[in-house]
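For what it's worth, the UniProt record's numbering labels the leading residue of the sequence shown as 1, then goes sequentially.
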Amino acid sequence: MGKRPSRGQVTKASLGSSARASAKRRANQRGGRIHAPAVGDVTVAAAWDNTRTVKANLAGLGLASDPNAAVGPTAHRRLATQSSRPGAAAADNDGNDDAPPAVMSVTAAALAARASVGEAPRPHHPSDGEVATVRSLVAAHGAGNFGAMARDRKRNYLQHTPAALRAMCRRVGAAEAAAEAATDAVVAAAAEAAAAGVDVGGGGGGGGGGGKHRGKGRARA
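In structure tokens:
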């Protein structure tokens, strides 16, 4: 009868099989399809070349692939060391130290112009749950009674404070006003087009399509 393996030997064997399985899984992942990096910025995506590497694309666009190395403490120390070298001041006075690039990338120029202006704050769009909560509370307690809204545990089941409910009502009201204004603009544009004699439905093709839909409606009926 053979010697029974100890507990430690069994653990080593199981660990060995687990390591082999992990190595095989990593090898399969490396052998899979390599997807191109997703570029979220529209300005950079317009000039992105999927046949080049990320570093080569950024260098061609005049962008830094490693912002920490470009503007971090290491870059500051490097500039300080260069300025403390003998002859650095003379080079700065002569203008021969670092020549600017002859042609700046159009993409980098567009990004710099956008960064100088800044982005407008994005409006907060209320969720469907916020809209439903605000409508039910306003219908039950009125538009400005935020204290009663906060005490309503049935409708205000998340127990928002009066200040939070006031902000929610403001957001929902602004969103509904914007949607109503957009609808009015569409209706006004359609009325102007109809007054000018423009066929919004697409002319004869639209009429034929309408006949087709009417035929389908009769078939369903």
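No residue lacks a Cβ here, since even glycine has one placed at the ideal position from N, Cα and C.
Being a predicted model, the structure only gives us computed values, none of them experimental.
Any beta carbon of chain B sitting closer than 7 Å to that of residue i?
| i | result |
| --- | --- |
| ALA47 | Any reference to chain B falls outside this structure, which holds one protein chain only. |
How close, in whole Å, do the beta carbons of residue i and residue j come, if the pair is a contact with beta carbons under 8 Å?
| i | j | result |
| --- | --- | --- |
| ALA110 | THR43 | 5 Å |
| THR107 | ALA59 | At roughly 12 Å, the Cβ-Cβ gap does not stay under 8 Å, so THR107 and ALA59 are not in contact. |
| ARG166 | LEU137 | With 8 Å as the limit, ARG166 and LEU137 do not qualify as a contact, their Cβ atoms being about 11 Å apart. |
| residue 222 | GLU130 | Residue 222 lies beyond the residue range present for the chain, which begins at 1 and ends at 221; the question has no answer from this structure. |
Evaluate residue i with the Cβ neighbour count: other Cβ atoms within 10 Å of its Cβ, from every protein chain shown; 16 or more gives buried, anything less gives exposed.
| i | result |
| --- | --- |
| GLY211 | Residue placement at GLY211 is flagged as unreliable, the pLDDT there being 47, under the threshold of 50; a coordinate-derived value is accordingly withheld. |
| VAL71 | exposed |
| VAL54 | exposed |
| ASN57 | buried |
| THR183 | exposed |
| THR133 | buried |
| GLY208 | Confidence at GLY208 is low in this model, with a pLDDT of 46, below 50, so the placement of that residue is unreliable and no value is reported for it. |
Are there any heavy atoms of the ligand MG lying less than 6 Å away from the beta-carbon of residue i, as far as the coordinates show?
| i | result |
| --- | --- |
| ALA38 | Among the components of this structure there are no ligands whatsoever, and the ligand MG is therefore not found. |
If contact is defined by three or more beta carbon pairs under 8 Å, each pair taking one atom from either stretch, is the region 133-149 in contact with the region 175-190? no
Any contact of the region 122-129 with the region 171-180, i.e. 3+ C-beta pairs under 8 Å? yes
I'd like the ranges of any alpha helix (DSSP H) spanning at least 4 consecutive residues and lying wholly in the region 116-166. 128-141, 146-151
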